[in-house]
Amino acid sequence: MNSPTSSPDPAPTDPVPAWRRLWAAYQRLRGSPWFTALAGTPRHRFTDSDWLRLDTLPDISPVLITGGLVNLVMICGLLASSVPVHHHAEVFVLLLAPSLLSWPFFKQLWRRPTTGRLYGSIVGLTPIVILVVVLAKVFGPHWVDDDHLAVFLHDINVRVLVLILTMAYAMSILTIWRNEFLADWLHDQALYERNQALAHHLSSAQIQPHFLFNSLASLQHWVDQSDPRASPMLKSLTGYLRATLPLFDRTSLKVGEEMEAVVRYLEVMQARLGRKLSYSCELSEASREASLPPGVLLTLVENAVEHGVQAQLSGGEVRIEARFDATDGLVLDVMDNGMGPPPGQAEHRVEHDLVSAEQERQGGVGLRNSRWRLHQAFGDRASLKLLPRDEGGCCARIQVRP
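Residue numbering for the sequence shown follows our numbering, starting at -14 and increasing by one per position.
In C-alpha cells form, the structure reads like this:
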C-alpha cells in the first residue's frame, strides 16, 4: 500500500527589500500636497511631449521682471540700512550683485519648474555666496577701522546669509507656483481638445440619416421606373457623400470647401422636391477662404430646407450669401422665405445650453451645437443669430469678427 505523499511546501517568496519599501513610501508621500508644502518642491512631473507644448508659452513678461527688480532693490536696501551711512552704497552693491547673478537660475526655473532644476539652482548659488563673503573679507578692512572690523564682517555674513535664504525661498515659491500653473494649463488644453473632439464627433453625427434613407428610397424607385431623374440624382448624392468626407477628419474647413457639400445637398433635395425648392448662392472670394468648424454651414442649410421650404405646401427658396471685410469680418447668411423664427425669438442669439421644446422642434439643438462649436473655435468673436426677414422668412447669420 502506497503511503500518501505530502505536497511540497511552496517556495518562500523573497521579501521586498527595505529600500524598495522606503522608496515606494517616499513616492506616495511625494505626491501629497503636504510633502509639497513642507519640502518646498513642485509636485507635477511632465513628459517630453508636455515640454514640447509648454515651450510654446511666452517667456517672462516685462511686468513680472520689473516687479521682481523693484522688490529685489527694496530687500537689498533694507538689509544695507543698518550699517553706517557712509557704507550703505558698498553694502548695497555687495548684496545686489549676487542677486542679479542669480537671474539665469530664475529664468531656467520659469521655463522648467522641476525639483531637479530647483535644487540645482540653489546649489548653483553656493559659489556666489562664497564669492560675496570673500569680497567682504577682502574689502572690509578698507571700509571700516580695526575696532569695528569684526562686527562688520559678522554683520555682512549674516546679511548675505539672509539674502541667500530669501532667494532660495523665492526660488522655491516660484517653482511651485509655475509648476502648478503649467499643470493647470495642460489640463485646460486637454479639456479644450476633448471638447473640440466631442464637438467634431457631434457635427459628424449630425448628417441626417433620414436624408440619406429618403434619398436612397427615391433613387431606388426612380431606377425601378427607369426615371431619367435617377442618374443626375445619383451623381449629386455621390458628390454630396464625397464632399462631406472632410467633416469627419478636419477641425476647420474653408467656407468654399463646405459649399461643395451644400450645393450637392441642395441638388439632391431639389431633385426630390422638384419645383418646390429653388436656391441661389452668392459668396465673395474672400469669404470662400474663411474657415469655420466643419458642418456648421451645412446644418443651417438643412434647417432652412426643412423648416423654411418643406414646411410649406408651395415650397420656398433658400439663399446663401457671404462676405468678408476688415470691419465686420466674416458675415454669412442662410435665408429662407418660410414662416420665420419662432414667435418671440426675433434676433435671438443662440447662446444658451438649454433650449425650449419649440426651439428644439425648429432645429434648436443643431443651432445650439453650432453656436457652441463656433464659440470653441473663435470665442466671443463669433455669433450665430436668427433674424426675421422683412419680406418674410428667417435669416440665420454667422458672424466672425476680426
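In this text, a Cβ means the ideal position worked out from N, Cα and C, and glycines have one as well. A quick note: this is a predicted structure, and the numbers were derived from the prediction, not measured.
(message) On the DSSP bridge list, what partners appear for ASP318?
(response) Within the sequence shown, residue 318 is the residue found at index 333, counting from 1. GLU306 and ARG382, per the DSSP bridge assignment.
(message) Suppose contacts are defined by Cβ-Cβ distances below 7 Å. Is SER106 in contact with GLY25 by that definition?
(response) Counted from its first residue, the sequence shown places residue 106 at position 121. Counted from its first residue, the sequence shown places residue 25 at position 40. Result no, Cβ atoms of SER106 and GLY25 do not sit closer than 7 Å.
(message) Check whether the segment 351 to 360 and the segment 278 to 291 touch, using three or more Cβ-Cβ pairs below 8 Å as the test.
(response) yes
(message) For ILE161, tell me which candidate among GLY101, VAL319, LEU57 and SER211 has the shortest Cα-Cα distance.
(response) Taking the first residue of the sequence shown as position 1, residue 161 is located at position 176. Of GLY101, VAL319, LEU57 and SER211, the residue nearest in Cα terms is GLY101.
(request) Determine, using beta carbons only, whether ARG257 and SER203 come nearer to each other than 7 Å. (result) Residue 257 sits at position 272 when you count from the first residue of the sequence shown. Residue 203 sits at position 218 when you count from the first residue of the sequence shown. Yes, these two residues count as a Cβ contact at 7 Å.
(request) Report the rounded CA-to-CA distance for ASN199 versus LEU222, giving the unit in angstroms. (result) Stepping through the sequence shown from its first residue, residue 199 is reached at position 214. Stepping through the sequence shown from its first residue, residue 222 is reached at position 237. For ASN199 and LEU222, the distance between alpha carbons rounds to 12 Å.
(request) Run the CB neighbour count on GLY280, radius 10 Å, all protein chains shown included, and call it buried at 16 or more, exposed below. (result) For this step, residue 280 is matched to residue 295 along the sequence shown. Classification of GLY280: buried, given that the 10 Å Cβ count is 16 or more.
(message) Please give the ranges of any alpha helix (DSSP H) in the segment 173 to 252, keeping only runs that are unbroken, at least 4 residues long and fully inside the region.
(response) Within the segment 173 to 252, the complete alpha helix (DSSP H) segments at least 4 residues long are 194 to 209, 215 to 228 and 231 to 234, listed from N- to C-terminus.
(message) Measuring CB atoms only, is the segment 358 to 375 touching the segment 260 to 267, in the sense that at least three cross pairs come out at less than 8 Å?
(response) Contact between the segment 358 to 375 and the segment 260 to 267 is not established, with fewer than three Cβ pairs separated by less than 8 Å.
(message) Quick check: what's the CA-CA separation for GLY293 versus SER211?
(response) If you number the sequence shown from 1, residue 293 lands on position 308. If you number the sequence shown from 1, residue 211 lands on position 226. C-alpha separation (whole angstroms): 31 Å.
(message) Just list the residues that DSSP pairs PRO373 with in beta bridges.
(response) On the sequence shown, residue 373 is found 388 positions in, with the first residue counted as 1. According to DSSP, which records beta bridges pairwise, PRO373 is partnered with CYS379.
(message) Checking 7 Å against the spacing of the C-beta atoms, do MET324 and ARG304 come in under that value?
(response) Here the question's residue 324 lines up with position 339 in the sequence shown. Here the question's residue 304 lines up with position 319 in the sequence shown. No, the pair does not count as a contact, with Cβ atoms beyond the cut-off.
(message) Once DSSP output is grouped into helix, strand and coil, what is the label at SER368?
(response) To locate residue 368, count along the sequence shown from 1; it is residue 383. Residue state, collapsed to three classes: strand.
(request) Name the residue from ALA215, CYS61 and GLN361 whose alpha carbon lies nearest to the alpha carbon of ALA82. (result) Here residue 82 is taken as the residue at index 97 of the sequence shown, counted from 1. For the residues ALA215, CYS61 and GLN361, the minimum Cα distance to ALA82 belongs to CYS61.
(request) Check the DSSP bridge columns for LEU268 and list the partner residues they point to. (result) Taking the sequence shown and counting its residues from 1, the one referred to as residue 268 is at position 283. Answer is ALA307, bridged to LEU268.
(message) Given a cut-off of 7 Å on the beta-carbon distance, is the pair TRP95 and ARG38 in contact?
(response) Taking the first residue of the sequence shown as position 1, residue 95 is located at position 110. Taking the first residue of the sequence shown as position 1, residue 38 is located at position 53. Against a cut-off of 7 Å, the Cβ pair of ARG38 and TRP95 comes out as no contact.
(request) Please state if the CB of SER46 and the CB of MET152 are separated by a distance shorter than 7 Å. (result) Taking the sequence shown and counting its residues from 1, the one referred to as residue 152 is at position 167. Taking the sequence shown and counting its residues from 1, the one referred to as residue 46 is at position 61. Not closer than 7 Å, so no.
(request) Would you tell me roughly how many angstroms separate the C-alpha atoms of ALA168 and HIS29, rounded to the nearest one? (result) Counted from its first residue, the sequence shown places residue 168 at position 183. Counted from its first residue, the sequence shown places residue 29 at position 44. Distance between the alpha carbons of ALA168 and HIS29 is about 7 Å.
(request) Using DSSP bridges, identify the partner residues of LEU262. (result) By one-based count along the sequence shown, residue 262 stands at place 277. Paired residue(s): GLY301.
(request) Quickly, what does DSSP pair LEU277 with across the bridge? List them, please. (result) For the purposes of this step, residue 277 is taken as the residue at position 292 of the sequence shown. Paired residues: LEU238.
(message) Can you tell me where the alpha helix (DSSP H) holding SER84 begins and where it ends?
(response) For the purposes of this step, residue 84 is taken as residue 99 along the sequence shown, with counting starting at 1. Start and end: 73 to 86.
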